[in-house]
DNA sequence: CGGAATTTTGCATAAGTTTGCAAGAAATAG
DNA sequence: CTATTTCTTGCAAACTTATGCAAAATTCCG
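Chains as they are written, first to last, in our numbering: chain A, 138 to 385; chain B, 138 to 385.
Take a look at the structure:
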């Protein structure tokens, strides 16, 4: 039996049952569990399923989507959020973009902090609804299922009426020449307006986002005032410092 | 059975019942209570529920008070939501007001339903973000911490641009003479606009809300087309029927 | 086609996880 | 206060995974 036949069978079975067990597959395909394990690994590598102990499960939209919610680099992000926190003071109005870095920041906002938070991110909204002293504003509009953020004209119009002290940008790529870029045109538009609506713009970017670029431009790199990253000592950050951007 | 299946089952059950008991889960899943305990711990760790003695309760976006309310009359509400569900069909645009009855309805929307949902309720938003086929629109604005809904001018402006097939109204009091009334002026305003933005208005009201009134008027009782209640056979509902309102 | 190089497969062993159980501590209810 | 239930901790058994290795299969190349 060809390897491709096995992989095909595994995906078919996964689709039918919403899960596969290594022991079962080994039996069905008449190969050792080691081989099945290696097959699953290959499929996981190419993103066609999620490997779990004892077998594999499909991607969302499926019952197990929570598996994907686990945050990678969590410690890095907490560390970055702590730095971001030092920029925030009572009485300010801050804009929080979507993304896991900004969500981590939202989770860490101390309970007695008195600020106005404007966000377009559903997870951040859920998080801050429970916060006792934050004045919370959500930008309305159609909700993007992938990014879990609001977008479109309504979001942009609401943001245009705002002038915030700080804007924290989450998921996006930073490059000294290409500037700030994003994967989605609509989201890039929203980010652009967000940045125009704040006096100071702070980018939260793990080091793997630095020096990379994506299709849609948000703004020039000089639109960013502060970059917060997990490894501020990296020499690759020098170009940003030379442009007058503060790196924390 | 894969661990992930157990975790998934627990989350599903939690969503359906708003609580899970260790003894029950141990039985349902055919594993020891220790294992269930460890599973709950893992889910609590990743912030997907809150562990309490003997079981677990959901996390955001239902703060405790909200939860208390929804557990009360829960079966009545599921029953009512089932009736409401029968009014909804593919291709429609529906408005969901805040409140526990409408949240229950949102939870029960079948996974293959293709409708556009417009809501101002944070819990409903959180609920439906995960829905695979619903086009979701949230009305922006300042979030009221008590009601967990968006309110204010932005919300109203967005609603005014909409014309939906159905509007499901949650928490409010109904009275044959006083009409539809609410506890909060701002929320009453939003409800008024919501109703104007739909061809057909459906009130979800448990029987204890019938025949009562609160300070702020939303509209005359004739603004309601259908009343869905837990005890449609009560003679006290006759006045509404006489006014041409359908009672389910 | 032959034979070397590469890949795939299965096995053995060791390491790591998960699970259920037991005994005692802690919390809760009556 | 006592009885009951739930929680914690430690642990052993069962199971899963990682690794190195050798046999088998496949590919490559002249």
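Here a beta-carbon is modelled for each residue, glycine too, at the ideal position from N, C-alpha and C.
No experiment lies behind these values; they were computed from the predicted model shown.
Alpha-carbon to alpha-carbon, residue j and residue i
i	j	result
residue 356 (chain A)	residue 316 (chain A)	6 Å
residue 253 (chain B)	residue 244 (chain B)	15 Å
residue 175 (chain B)	residue 185 (chain B)	14 Å
residue 321 (chain A)	residue 300 (chain B)	29 Å
residue 219 (chain B)	residue 297 (chain A)	41 Å
residue 240 (chain A)	residue 380 (chain B)	50 Å
residue 375 (chain A)	residue 313 (chain A)	10 Å
residue 305 (chain B)	residue 215 (chain A)	41 Å
residue 262 (chain B)	residue 331 (chain A)	22 Å
residue 148 (chain B)	residue 181 (chain B)	11 Å
residue 207 (chain B)	residue 309 (chain A)	Per-residue confidence for residue 207 (chain B) stands at a pLDDT of 46, beneath the threshold of 50, marking its modelled position as unreliable; no derived number is given.
residue 178 (chain A)	residue 188 (chain A)	7 Å
residue 269 (chain B)	residue 378 (chain A)	44 Å
residue 138 (chain A)	residue 196 (chain A)	26 Å
residue 156 (chain A)	residue 368 (chain B)	43 Å
residue 383 (chain B)	residue 326 (chain B)	24 Å
residue 228 (chain A)	residue 285 (chain B)	22 Å
residue 334 (chain A)	residue 303 (chain B)	36 Å
residue 348 (chain A)	residue 365 (chain B)	57 Å
residue 307 (chain B)	residue 230 (chain A)	32 Å
residue 371 (chain A)	residue 318 (chain A)	21 Å
residue 293 (chain B)	residue 324 (chain A)	24 Å
residue 282 (chain A)	residue 152 (chain B)	20 Å
residue 338 (chain B)	residue 225 (chain B)	12 Å
residue 373 (chain B)	residue 336 (chain B)	27 Å
residue 341 (chain B)	residue 328 (chain B)	13 Å
residue 193 (chain B)	residue 161 (chain B)	12 Å
residue 351 (chain B)	residue 345 (chain B)	13 Å
residue 170 (chain B)	residue 146 (chain B)	15 Å
residue 276 (chain B)	residue 271 (chain A)	19 Å
Proximal residues of chain A, C-beta to C-beta of residue i below 9 Å
i	result
residue 280 (chain B)	262, 265, 266, 272, 273, 274, 275
residue 287 (chain B)	274, 275, 277
Residue i, DSSP secondary structure in three states
i	result
residue 138 (chain B)	coil
residue 315 (chain A)	coil
residue 398 (chain B)	What is shown of chain B runs 138 to 385, which leaves residue 398 (chain B) out entirely.
residue 382 (chain A)	coil
residue 322 (chain B)	helix
residue 360 (chain B)	helix
residue 234 (chain B)	coil
residue 299 (chain A)	coil
residue 190 (chain B)	coil
residue 177 (chain A)	helix
residue 365 (chain A)	strand
residue 260 (chain B)	helix
residue 327 (chain A)	helix
residue 346 (chain B)	helix
residue 255 (chain B)	strand
residue 205 (chain B)	Because the pLDDT at residue 205 (chain B) is just 45, under 50, the model does not fix this residue reliably, and the value given afterwards should be weighed accordingly. Helix at residue 205 (chain B).
residue 294 (chain A)	helix
residue 246 (chain B)	coil
residue 310 (chain B)	strand
residue 212 (chain B)	helix
residue 198 (chain B)	Residue confidence is low: residue 198 (chain B) scores 47 on pLDDT, short of 50, so the model does not pin down where it sits. No coordinate-derived value is stated.
residue 148 (chain A)	helix
residue 168 (chain B)	coil
Partners in chain B for residue i, counting only beta-carbon separations shorter than 9 Å
i	result
residue 190 (chain A)	139, 140, 141
residue 194 (chain A)	139, 141, 142, 145
Residue i beta carbon near the ligand NAP (any heavy atom closer than 7 Å)
i	result
residue 345 (chain B)	Absence of the ligand NAP is noted for the structure shown, with no ligands found whatsoever.
Amino acids of chain B, ordered along the chain, whose beta-carbon sits closer than 7 Å to that of residue i
i	result
residue 259 (chain A)	262, 263, 266
Touching or not, the segment 230 to 237 of chain B and the segment 251 to 266 of chain B, by the rule of three or more beta carbon pairs under 8 Å? By the Cβ criterion, the segment 230 to 237 of chain B is in contact with the segment 251 to 266 of chain B, since at least three pairs of Cβ atoms, one from each stretch, lie closer than 8 Å.
Taking any Cβ of chain A, which residues in the segment 289 to 309 of chain B have a Cβ under 8 Å from it, in chain order? Taking a C-beta cut-off of 8 Å against chain A, the contacting residues of the segment 289 to 309 of chain B are 291, 292, 295, listed in chain order.
Compile a chain-ordered list of the residues in the segment 152 to 186 of chain B whose CB is closer than 9 Å to at least one CB of chain A. 180, 183, 184, 185
When the Cβ atoms of the segment 352 to 368 of chain A are set against those of the segment 138 to 149 of chain B, are three or more pairs found closer than 8 Å? no
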